[in-house]
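For reference, each letter of the sequence shown is one residue, going 4 to 166 in my numbering. For each residue, glycine too, the CB sits at the ideal point set by N, CA and C.
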Amino acid sequence: MSNAAVDTSTVRAKADLWHRWIGLWSGDFPDSEKFAVGESIISPNLVCHLAAYEMPESHTINSPGAVVRWIDVWHSYFSESKMITTVGPFVSDDHVIGRWSFRGVWQGGKPRGATAPAGTEVFIEGHDILRLDDDGLIAEYWVGDNLLDMYGQVAAIRKPQAS
């Protein structure tokens, strides 16, 4: 274990970045502020790692504006949506990692094939791994979530039957 002193201001700054990141996903910022918030925390050269199913192509989510527009599309599927941090954030030299939960009322539309009625409440959980560049901006983003569970909640897939 290192005896190096912890720079609490750096830890706080990274935790604040996490909270602004989750705030974007939660819709905490008015339209007039969200692009500025995105630019204050996301590198203009973002590298994004996303699952292939029902997600945008990773290479298209490559800037603060692209992230904010993607989040806007996500929000268009839900009302009464809220994302909260459930574990973390944990910070290291160049990473911020946390677990979150999302709850919202699905309004219909995506995912393809969904047959649940609009107004169905959904709940998912996931984690984000954020790698920061030398300027403290999010340079790389990985998401892991149980979006497949939401697909079951909106009847886009059939839930497996217990055997």
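Worksheet item: Who pairs with E42 in a beta bridge, going by DSSP?
Response: In DSSP, E42 forms no bridge with anything.
Item to complete: Would you decide whether I87 is buried or exposed? Buried here means 16 or more other CB atoms lie within 10 Å of its CB.
Response: exposed
Worksheet item: Which residue spans inside the segment 32-114 form an unbroken beta strand (DSSP E) run of at least 3?
Response: 45-52, 81-94 and 98-109
Discussion item. Taking 7 Å as the limit between beta carbons, can you name the residues of its chain near Y80, skipping five residues before and five after?
Written reply: W109, Q110, G112 and K113
Worksheet entry | Opening and closing residue of the beta strand (DSSP E) in which R161 lies | Taken as a continuous stretch (DSSP letters only), R161 belongs to no beta strand (DSSP E), as it is neither H nor E.
Worksheet item: Would DSSP call M4 helix, strand or coil?
Response: Low local confidence applies: a pLDDT of 46 at M4 is under 50, so the model's placement there is unreliable, and no value is given.
Discussion item. Out of E36, L135 and R106, which one is the CA nearest neighbour of T51?
Written reply: At residue 51 the sequence reads Cys, which differs from the Thr that was named. With distances taken between Cα atoms, C51 lies closest to L135.
Worksheet entry | Host alpha helix (DSSP H) of D19 (start-end) | T11 to S29
Worksheet item: For the putative contact between V157 and G129, defined by C-beta atoms under 8 Å, what is the C-beta separation to the nearest angstrom?
Response: That pair is no contact at about 17 Å.
Worksheet item: Counting pairs of Cβ atoms below 8 Å between the segment 13-25 and the segment 88-105, do you hit three or more?
Response: yes
Practice prompt. Kindly indicate which three-state DSSP category G129 falls into: helix, strand or coil?
Written response: strand
Item to complete: Assign L150 to one of three DSSP states: helix, strand, or coil.
Response: helix
Fill in: Residues of its chain near W73, where Cβ-Cβ distance is below 7 Å and the 5 sequence neighbours each way are ignored
P59 and I64
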